[in-house]
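Residue numbering for the sequence shown follows the numbering used here, starting at 32 and increasing by one per position.
Glycine included, each C-beta is placed from N, C-alpha and C at the ideal position.
Only one structure is covered here, and it is reproduced in the block below.
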Amino acid sequence: MAAYPIVSHPFPRGITAKGEEIVILTWRDLECFSHVQVKGEWYRTYCPIHGSEQERSLAIKSTTGFGHCFGCEAKVFVAEFDPSTARRLQRRRYSTTFPHQKQEYSRMVPSSRQKKHLVVCETALCEKQTEEWLLLSKLQAQGAFDLDRETAWNGQAYLEARHIPLEVAHRVGVTYVAPGAAQEYGAWIRPWEDRLLFPLLTPDGEVSFIGRLITHWQCCCDAAAHQGRLRAEKVEPWRKTGRGWFWNPSHLPSQDPVVVVDGPFDRLALLAAGDFEPGEVVALAGMPFQSAWLAQVRAILFALNQAQSSKEASQHAKQQLAWNGGVRVEMCRPTRGNNWSERWRREGDGGLELLYVHHALLTHGL
Numbered sequence: 032m033a034a035y036p037i038v039s040h041p042f043p044r045g046i047t048a049k050g051e052e053i054v055i056l057t058w059r060d061l062e063c064f065s066h067v068q069v070k071g072e073w074y075r076t077y078c079p080i081h082g083s084e085q086e087r088s089l090a091i092k093s094t095t096g097f098g099h100c101f102g103c104e105a106k107v108f109v110a111e112f113d114p115s116t117a118r119r120l121q122r123r124r125y126s127t128t129f130p131h132q133k134q135e136y137s138r139m140v141p142s143s144r145q146k147k148h149l150v151v152c153e154t155a156l157c158e159k160q161t162e163e164w165l166l167l168s169k170l171q172a173q174g175a176f177d178l179d180r181e182t183a184w185n186g187q188a189y190l191e192a193r194h195i196p197l198e199v200a201h202r203v204g205v206t207y208v209a210p211g212a213a214q215e216y217g218a219w220i221r222p223w224e225d226r227l228l229f230p231l232l233t234p235d236g237e238v239s240f241i242g243r244l245i246t247h248w249q250c251c252c253d254a255a256a257h258q259g260r261l262r263a264e265k266v267e268p269w270r271k272t273g274r275g276w277f278w279n280p281s282h283l284p285s286q287d288p289v290v291v292v293d294g295p296f297d298r299l300a301l302l303a304a305g306d307f308e309p310g311e312v313v314a315l316a317g318m319p320f321q322s323a324w325l326a327q328v329r330a331i332l333f334a335l336n337q338a339q340s341s342k343e344a345s346q347h348a349k350q351q352l353a354w355n356g357g358v359r360v361e362m363c364r365p366t367r368g369n370n371w372s373e374r375w376r377r378e379g380d381g382g383l384e385l386l387y388v389h390h391a392l393l394t395h396g397l
């Protein structure tokens, strides 16, 4: 009998509308699919959940991605059939272990308008940022920084430690510049090595990058301690090529509230929790709040962190919005821990409870 690959890591699980537990699988989990048998509308293969290699006990419907194992009785869903369905199934039972997988997301390609704007930059700093942005954009569009590459292991481990599934990071365009990139692409990219890259966007289509250095993160107890260590070594944790927010301006909700947070990891934490879509969370990423950028939004929850600058920014933003009739505003800040991503890392959903309460009040107009 030939040996077939058996996947041994724990699988993320969800709950169906009927309250039944379901296992979320990916194509990588089913790499033994090369030995699949097609019987009508069903795929028959070996079950990676209980490790069957004697019979093809797992049946998956080819039109829906739902299936059932006749050996261990597990109900399954293959995430690539419909990622949004997979997320909905997982919301009630979030697993911090998410299989590494390749997820396609829209590449950030420079617009002609942005190129014209960048060409006319006059300062040396702006010219340097322009050059770096153009080169980073080209490599990013070619997939050179994809998170699922073997060289991205440190970025993968960092996200896992902060309980951010790779699928969530892929979906919103997060990438990673691996150490040693300068040997392949030139010395210009060395300051970007070992950084997670986040795309920054403006409403008119300009795209920039902000990068978070993660070198030596394993030696620190949390993100604040890590940033303190980097600054003590005269290294800036964050590096930018231009302006913009970490958000999705083309999919803002018209009725439901938009949640405004400080940093990229706060946004990733809320998306990882599973109760928000990418268009519903905006990370300022070091740029001031611009009320005109959310002109069509009718409800905004400011969930900035405990820093004094964030408190002042919240008040200033509230004053801006006071001039816009019909905009409902709610404000909340984490009471334990400096930011939402740290509370998510330590406490999971419980760490976001205060934010959920304020969001519900705003949603229902209470």
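Rounded separation between residue i and residue j - CA only
i: Asp177; j: Phe277; result: 18 Å
i: Ala304; j: Asp287; result: 17 Å
i: Lys106; j: Val328; result: 40 Å
i: Lys271; j: Glu191; result: 24 Å
i: Pro284; j: Thr161; result: 32 Å
i: Phe101; j: Tyr74; result: 13 Å
i: Leu166; j: Thr206; result: 14 Å
i: Pro114; j: His257; result: 33 Å
i: Ala255; j: Glu267; result: 13 Å
i: Trp184; j: Val208; result: 11 Å
i: Phe320; j: Glu181; result: 37 Å
i: Glu52; j: Cys103; result: 13 Å
i: Gly317; j: Phe97; result: 42 Å
i: Pro280; j: Ser88; result: 45 Å
i: Glu308; j: Lys169; result: 28 Å
i: Glu324; j: Gly236; result: The amino acid at residue 324 is misidentified as Glu; the sequence shows Trp. The alpha-carbon atoms of Trp324 and Gly236 are separated by roughly 12 Å.
i: Arg359; j: Gly204; result: 30 Å
i: Val238; j: Gly294; result: 17 Å
i: Asp60; j: Lys159; result: 43 Å
i: Ala263; j: Glu86; result: 59 Å
i: Arg44; j: Leu56; result: 9 Å
i: Ala117; j: His389; result: 26 Å
i: Ala78; j: Gly186; result: Sequence inspection shows Cys at residue 78; the Ala mentioned does not correspond to that position. Whole-angstrom Cα-Cα distance: 30 Å.
i: Gly217; j: Gly259; result: 29 Å
i: Trp269; j: Arg193; result: 17 Å
i: Trp219; j: Gln171; result: 15 Å
i: Ser126; j: Glu111; result: At Ser126, the pLDDT of 32 sits below 50, so the modelled position is not reliable and the matter cannot be decided from this model.
i: Glu224; j: Glu215; result: 12 Å
i: Gly82; j: Pro234; result: 49 Å
i: Arg119; j: Asp380; result: 15 Å
Bridge partners - residue i, DSSP secondary structure assignment
i: Ile91; result: Tyr74 and Gly98
i: Gln214; result: Paired residue(s): none; Gln214 is not in a bridge.
i: Glu361; result: Leu332
i: Arg298; result: None, per the DSSP bridge assignment.
i: Phe229; result: Ile241
i: Lys106; result: His99
i: Arg376; result: Answer is none; Arg376 lacks a bridge partner.
Residues near residue i in its chain [Cβ-Cβ closer than 6 Å; skip 5 each side]
i: Ser372; result: Phe296, Asp297 and Ala300
i: Leu302; result: Val199
i: Gly50; result: none
i: Glu163; result: Thr272
Chain-order list of residues whose beta-carbon lies under 8 Å from that of residue i (same chain, five-residue window excluded)
i: Tyr189; result: Leu227, Ile245 and Trp248
i: Ser93; result: Val69, Glu72, Trp73 and Tyr74
i: Asp253; result: Glu373 and Arg376
CB-CB length for residue i against residue j, believed under 8 Å
i: Val109; j: Ile80; result: Not really, about 13 Å apart at Cβ, beyond 8 Å.
i: Leu29; j: Val291; result: Because the chain is modelled from 32 through 397, residue 29 falls outside the range shown and cannot be assessed.
i: Leu231; j: Phe240; result: 6 Å
7 Å Cβ shell around residue i - same chain, five flanking residues per side excluded
i: Thr394; result: Asp287 and Pro288
i: Leu386; result: Ala334, Cys363 and Trp371
i: Pro222; result: Arg270
Proximity test, residue i beta-carbon vs the ligand COA heavy atom, cut-off 8 Å
i: Val388; result: As for the ligand COA, it is missing from this structure, which has no ligand bound.
Cβ of residue i within 9 Å of any chain B Cβ
i: Pro230; result: No chain B is part of this structure, which consists of one protein chain only.
> In the stretch 234-277, which residue ranges form an unbroken beta strand (DSSP E) of at least 3 residues, counting only runs that do not cross its ends?
Replying inline: Entirely contained in the stretch 234-277, the beta strand (DSSP E) runs reaching 3 residues are, in chain order, 238-244 and 269-271.
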